[in-house]
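Below: one structure, written as C-alpha coordinates.
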(Lines of atoms letter the chains of each structure in order from A and count residues from 1; the text may use other names and numbers.)
(Lines give C-alpha, C1' and ligand atoms only; values in the text may rest on other atoms or scores of the structure.)
Protein backbone atom coordinates (compact mmCIF):
# COMPACT_ATOMS: atom_id res chain seq x y z
CA UNK A 1 0.00 0.00 0.00
CA UNK A 2 1.35 3.47 -0.92
CA UNK A 3 2.49 5.76 1.89
CA UNK A 4 2.55 9.55 2.04
CA UNK A 5 6.10 10.84 1.60
CA UNK A 6 5.14 14.06 3.44
CA UNK A 7 4.28 12.34 6.72
CA UNK A 8 0.49 12.67 6.64
CA UNK A 9 -1.88 9.80 7.34
CA UNK A 10 -3.01 7.77 4.34
CA UNK A 11 -5.61 9.57 2.31
CA UNK A 12 -5.05 13.01 3.90
CA UNK A 13 -2.39 14.32 1.52
CA UNK A 14 -3.73 15.91 -1.65
CA UNK A 15 -0.42 15.26 -3.47
CA UNK A 16 0.17 11.59 -2.64
CA UNK A 17 -3.54 10.77 -2.60
CA UNK A 18 -5.13 13.14 -5.15
CA UNK A 19 -8.93 13.18 -5.05
CA UNK A 20 -10.65 11.14 -7.70
CA UNK A 21 -11.84 13.31 -10.55
CA UNK A 22 -15.59 13.20 -11.18
CA UNK A 23 -16.65 11.16 -14.18
CA UNK A 24 -17.93 13.21 -17.12
CA UNK A 25 -21.69 13.10 -17.60
CA UNK A 26 -22.99 10.43 -19.94
CA UNK A 27 -23.96 11.91 -23.28
CA UNK A 28 -26.29 9.67 -25.27
CA UNK A 29 -25.27 9.14 -28.90
CA UNK A 30 -27.60 9.93 -31.74
CA UNK A 31 -28.11 6.23 -32.37
CA UNK A 32 -28.97 5.57 -28.74
CA UNK A 33 -31.43 8.44 -28.72
CA UNK A 34 -33.03 7.13 -31.86
CA UNK A 35 -33.45 3.65 -30.37
CA UNK A 36 -34.93 5.16 -27.22
CA UNK A 37 -37.60 7.06 -29.12
CA UNK A 38 -40.98 5.38 -29.36
CA UNK A 39 -43.62 6.53 -31.84
CA UNK A 40 -47.25 5.98 -30.99
CA UNK A 41 -49.55 7.28 -33.65
CA UNK A 42 -48.78 10.95 -34.12
CA UNK A 43 -47.13 11.28 -30.68
CA UNK A 44 -43.36 10.86 -30.32
CA UNK A 45 -42.06 10.29 -26.78
CA UNK A 46 -38.35 10.19 -25.94
CA UNK A 47 -37.34 7.55 -23.38
CA UNK A 48 -33.58 8.24 -23.53
CA UNK A 49 -32.01 7.70 -20.10
CA UNK A 50 -31.12 10.77 -18.07
CA UNK A 51 -27.48 11.65 -17.70
CA UNK A 52 -25.86 11.20 -14.31
CA UNK A 53 -25.81 14.98 -13.82
CA UNK A 54 -29.50 15.25 -14.63
CA UNK A 55 -30.37 12.48 -12.17
CA UNK A 56 -28.36 14.24 -9.45
CA UNK A 57 -30.09 17.55 -10.16
CA UNK A 58 -33.49 15.89 -10.05
CA UNK A 59 -32.68 14.35 -6.67
CA UNK A 60 -31.78 17.65 -5.01
CA UNK A 61 -34.37 19.52 -3.03
CA UNK A 62 -34.23 23.31 -3.11
CA UNK A 63 -33.91 24.92 0.31
CA UNK A 64 -35.73 28.27 0.59
CA UNK A 65 -33.37 31.14 1.34
CA UNK A 66 -30.18 29.23 0.51
CA UNK A 67 -27.94 30.77 -2.14
CA UNK A 68 -26.77 28.81 -5.13
CA UNK A 69 -23.44 27.08 -4.51
CA UNK A 70 -23.93 26.55 -0.79
CA UNK A 71 -23.14 23.13 0.61
CA UNK A 72 -26.06 21.05 1.85
CA UNK A 73 -24.12 18.14 3.37
CA UNK A 74 -23.80 18.43 7.17
CA UNK A 75 -20.24 18.80 8.41
CA UNK A 76 -18.54 17.60 11.55
CA UNK A 77 -17.35 20.86 13.08
CA UNK A 78 -15.26 19.04 15.68
CA UNK A 79 -13.21 17.45 12.89
CA UNK A 80 -12.35 20.74 11.17
CA UNK A 81 -8.60 21.31 11.00
CA UNK A 82 -7.03 24.25 12.80
CA UNK A 83 -3.54 25.72 12.43
CA UNK A 84 -1.17 27.71 14.62
CA UNK A 85 1.73 29.37 12.79
CA UNK A 86 4.91 30.49 14.52
CA UNK A 87 8.53 31.20 13.66
CA UNK A 88 10.90 28.29 14.21
CA UNK A 89 12.93 30.35 16.70
CA UNK A 90 9.84 30.31 18.94
CA UNK A 91 9.77 26.53 18.97
CA UNK A 92 12.16 26.19 21.93
CA UNK A 93 9.83 28.18 24.19
CA UNK A 94 6.80 26.16 23.10
CA UNK A 95 8.57 22.85 23.64
CA UNK A 96 9.93 23.99 26.99
CA UNK A 97 6.41 24.86 28.16
CA UNK A 98 4.96 21.71 26.61
CA UNK A 99 2.18 23.77 25.11
CA UNK A 100 1.25 26.64 22.83
CA UNK A 101 0.70 29.45 25.33
CA UNK A 102 -1.63 32.45 25.20
CA UNK A 103 -0.02 35.87 25.04
CA UNK A 104 -0.57 36.77 28.71
CA UNK A 105 -0.03 35.08 32.04
CA UNK A 106 3.34 33.42 31.44
CA UNK A 107 6.72 35.03 30.66
CA UNK A 108 7.51 31.97 28.53
CA UNK A 109 4.83 33.14 26.10
CA UNK A 110 7.02 36.05 24.98
CA UNK A 111 8.16 35.01 21.48
CA UNK A 112 11.79 35.16 20.38
CA UNK A 113 10.53 36.33 16.98
CA UNK A 114 7.32 38.33 17.25
CA UNK A 115 5.10 38.19 14.17
CA UNK A 116 2.34 40.40 15.59
CA UNK A 117 2.50 44.15 15.18
CA UNK A 118 2.78 45.94 18.56
CA UNK A 119 -0.56 47.73 18.10
CA UNK A 120 -2.34 44.46 17.28
CA UNK A 121 -0.80 42.70 20.28
CA UNK A 122 -1.67 45.58 22.64
CA UNK A 123 -5.26 45.59 21.41
CA UNK A 124 -5.66 41.87 22.06
CA UNK A 125 -4.29 42.30 25.57
CA UNK A 126 -6.72 45.11 26.41
CA UNK A 127 -9.86 44.08 24.49
CA UNK A 128 -12.21 41.52 25.96
CA UNK A 129 -13.95 38.68 24.18
CA UNK A 130 -17.55 39.94 23.78
CA UNK A 131 -19.75 38.99 26.70
CA UNK A 132 -16.86 37.97 28.97
CA UNK A 133 -14.25 39.51 31.24
CA UNK A 134 -11.53 37.56 29.41
CA UNK A 135 -8.96 39.36 27.24
CA UNK A 136 -8.52 38.12 23.68
CA UNK A 137 -4.85 37.56 24.51
CA UNK A 138 -5.81 34.88 27.04
CA UNK A 139 -6.77 32.67 24.11
CA UNK A 140 -4.51 30.79 21.69
CA UNK A 141 -5.32 32.01 18.15
CA UNK A 142 -5.91 29.30 15.55
CA UNK A 143 -6.43 29.64 11.81
CA UNK A 144 -9.09 27.62 10.04
CA UNK A 145 -7.36 27.48 6.66
CA UNK A 146 -3.83 27.16 5.34
CA UNK A 147 -4.78 29.97 2.97
CA UNK A 148 -5.73 32.31 5.81
CA UNK A 149 -5.21 35.97 4.89
CA UNK A 150 -2.68 36.71 7.61
CA UNK A 151 -0.56 33.64 6.80
CA UNK A 152 -0.78 34.39 3.08
CA UNK A 153 0.62 37.87 3.83
CA UNK A 154 3.68 36.23 5.43
CA UNK A 155 4.13 33.81 2.52
CA UNK A 156 3.84 36.48 -0.15
CA UNK A 157 5.69 39.25 1.73
CA UNK A 158 2.61 41.46 1.60
CA UNK A 159 2.40 44.23 4.25
CA UNK A 160 -0.40 43.66 6.75
CA UNK A 161 -1.30 45.95 9.68
CA UNK A 162 -1.54 42.89 11.97
CA UNK A 163 2.09 41.91 11.29
CA UNK A 164 5.50 43.44 11.91
CA UNK A 165 7.52 44.52 8.88
CA UNK A 166 10.08 41.88 9.84
CA UNK A 167 7.43 39.16 9.75
CA UNK A 168 6.65 39.69 6.07
CA UNK A 169 10.32 40.09 5.18
CA UNK A 170 11.33 36.70 6.58
CA UNK A 171 11.05 33.62 4.33
CA UNK A 172 7.89 31.63 4.96
CA UNK A 173 10.07 28.50 5.16
CA UNK A 174 11.40 29.75 8.53
CA UNK A 175 8.00 29.06 10.09
CA UNK A 176 6.29 25.94 11.38
CA UNK A 177 2.60 25.10 11.42
CA UNK A 178 1.03 23.19 14.31
CA UNK A 179 -1.93 21.19 12.98
CA UNK A 180 -4.84 19.89 15.04
CA UNK A 181 -8.61 19.81 14.97
CA UNK A 182 -11.28 21.87 16.66
CA UNK A 183 -12.04 18.97 19.01
CA UNK A 184 -8.44 18.10 19.86
CA UNK A 185 -7.36 21.65 20.67
CA UNK A 186 -10.47 22.32 22.75
CA UNK A 187 -10.16 19.03 24.62
CA UNK A 188 -12.53 18.32 27.50
CA UNK A 189 -13.33 21.99 28.12
CA UNK A 190 -16.29 22.10 25.72
CA UNK A 191 -18.81 22.67 28.52
CA UNK A 192 -16.97 25.70 29.89
CA UNK A 193 -18.85 28.82 28.73
CA UNK A 194 -15.77 30.83 27.71
CA UNK A 195 -13.39 28.02 26.69
CA UNK A 196 -13.77 28.71 22.98
CA UNK A 197 -14.69 31.64 20.79
CA UNK A 198 -14.67 32.30 17.07
CA UNK A 199 -14.84 35.24 14.72
CA UNK A 200 -15.82 35.41 11.08
CA UNK A 201 -12.67 37.52 10.74
CA UNK A 202 -9.69 38.46 12.92
CA UNK A 203 -10.78 38.84 16.55
CA UNK A 204 -9.23 42.30 16.65
CA UNK A 205 -11.63 43.58 13.97
CA UNK A 206 -14.61 45.13 15.71
CA UNK A 207 -18.13 44.78 14.39
CA UNK A 208 -17.78 41.45 12.61
CA UNK A 209 -19.63 38.28 13.61
CA UNK A 210 -18.23 36.83 16.83
CA UNK A 211 -19.48 33.98 19.01
CA UNK A 212 -18.49 32.62 22.44
CA UNK A 213 -19.21 29.17 23.88
CA UNK A 214 -19.28 25.85 22.08
CA UNK A 215 -22.91 25.79 20.91
CA UNK A 216 -22.73 29.25 19.37
CA UNK A 217 -19.29 28.61 17.86
CA UNK A 218 -20.43 25.34 16.33
CA UNK A 219 -23.43 27.01 14.71
CA UNK A 220 -21.28 29.81 13.30
CA UNK A 221 -18.64 27.48 11.86
CA UNK A 222 -21.37 25.34 10.33
CA UNK A 223 -22.84 28.43 8.65
CA UNK A 224 -19.43 29.52 7.38
CA UNK A 225 -18.67 26.05 6.02
CA UNK A 226 -21.80 26.17 3.86
CA UNK A 227 -20.60 29.32 2.08
CA UNK A 228 -18.49 27.43 -0.42
CA UNK A 229 -17.85 30.19 -2.94
CA UNK A 230 -16.55 32.93 -0.62
CA UNK A 231 -13.83 30.88 1.18
CA UNK A 232 -14.91 32.30 4.57
CA UNK A 233 -12.41 30.22 6.55
CA UNK A 234 -9.60 32.27 4.98
CA UNK A 235 -10.67 35.15 7.24
CA UNK A 236 -12.07 33.32 10.27
CA UNK A 237 -10.26 32.72 13.54
CA UNK A 238 -10.83 30.21 16.33
CA UNK A 239 -9.78 31.13 19.87
CA UNK A 240 -9.15 28.43 22.47
CA UNK A 241 -8.61 29.41 26.09
CA UNK A 242 -4.95 28.63 26.62
CA UNK A 243 -2.68 26.90 27.05
CA UNK A 244 -3.07 24.19 24.38
CA UNK A 245 -0.81 21.18 25.20
CA UNK A 246 1.46 19.89 22.45
CA UNK A 247 -0.25 16.50 22.41
CA UNK A 248 -3.44 18.18 21.24
CA UNK A 249 -1.78 18.79 17.86
CA UNK A 250 -1.54 15.86 15.45
CA UNK A 251 1.58 17.08 13.63
CA UNK A 252 3.96 19.93 12.91
CA UNK A 253 4.17 20.90 9.22
CA UNK A 254 7.38 22.37 7.79
CA UNK A 255 8.57 23.62 4.42
CA UNK A 256 11.62 21.43 3.76
CA UNK A 257 13.86 18.66 5.04
CA UNK A 258 16.33 21.07 6.68
CA UNK A 259 13.62 22.58 8.89
CA UNK A 260 12.19 19.12 9.56
CA UNK A 261 15.56 17.93 10.88
CA UNK A 262 15.89 21.01 13.08
CA UNK A 263 12.40 20.48 14.53
CA UNK A 264 13.12 16.82 15.22
CA UNK A 265 16.34 17.73 17.00
CA UNK A 266 14.47 20.25 19.16
CA UNK A 267 11.83 17.65 20.01
CA UNK A 268 14.47 15.11 20.91
CA UNK A 269 16.30 17.60 23.14
CA UNK A 270 13.27 17.97 25.43
CA UNK A 271 12.09 14.38 25.12
CA UNK A 272 8.93 15.39 23.27
CA UNK A 273 7.29 13.35 20.55
CA UNK A 274 5.39 14.80 17.61
CA UNK A 275 4.88 13.89 13.98
CA UNK A 276 6.76 16.25 11.64
CA UNK A 277 5.61 16.49 8.02
CA UNK A 278 7.22 18.24 5.06
CA UNK A 279 4.54 19.95 2.98
CA UNK A 280 5.96 22.76 0.79
CA UNK A 281 2.68 24.06 -0.73
CA UNK A 282 1.56 25.51 2.59
CA UNK A 283 4.64 27.74 2.64
CA UNK A 284 4.51 29.03 -0.93
CA UNK A 285 2.85 32.27 -2.11
CA UNK A 286 -0.71 31.59 -3.14
CA UNK A 287 -0.84 28.48 -0.96
CA UNK A 288 -1.78 25.05 -2.22
CA UNK A 289 -4.26 22.25 -1.81
CA UNK A 290 -5.17 21.28 1.73
CA UNK A 291 -3.35 18.06 2.52
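Numbering (my numbering), first residue to last: 1231 to 1521.
C-beta: ideal position from N, C-alpha, C; glycine also.
A distance below 6 Å between beta-carbons, with the five flanking residues on each side excluded, links residue 1471 to the following residues of its chain, in chain order: 1369 and 1425.
Shown here for residue 1403: same chain residues with a beta carbon closer than 7 Å to its own, the five before and five after excluded, namely 1485, 1486, 1489 and 1513 in chain order. Residue ranges of uninterrupted alpha helix (DSSP H) with 4 or more members, entirely inside the region 1429-1504 and ordered along the chain, are 1444-1456 and 1487-1499. Rounded to the nearest whole angstrom, the CA to CA distance from residue 1324 to residue 1344 is 14 Å. Judged by DSSP in its simplified three-state form, residue 1371 adopts strand.
Assigned with DSSP and collapsed to three states, residue 1330 falls in strand. Taking residue 1373 as reference, the option from 1364, 1432, 1443 and 1363 with the minimal CA-CA separation is 1432. Between the region 1448-1457 and the region 1391-1407, the count of Cβ pairs shorter than 8 Å is below three; the stretches do not touch.
Residue 1385 and residue 1507 have their C-alpha atoms spaced approximately 18 Å apart.
Taking the CA atoms as reference points, residue 1378 sits about 8 Å from residue 1466.
Within a 10 Å sphere around the beta-carbon of residue 1375 sit 16 or more other beta-carbons, which makes this residue buried. Judged by their CB atoms, residue 1309 and residue 1474 are not nearer to each other than the 8 Å cut-off.
A check of alpha carbon separations from residue 1480 across 1306, 1504 and 1315 identifies 1504 as the nearest.
Between the C-alpha atoms of residue 1411 and residue 1455 there is a straight-line separation of about 15 Å. If you draw a straight line from the Cα of residue 1338 to the Cα of residue 1320, it comes to about 10 Å.
Within the region 1369-1420, the complete alpha helix (DSSP H) segments at least 4 residues long are 1379-1386, 1395-1399 and 1412-1416, listed from N- to C-terminus. In this structure, the straight-line span from the alpha carbon of residue 1307 to that of residue 1414 is close to 12 Å.
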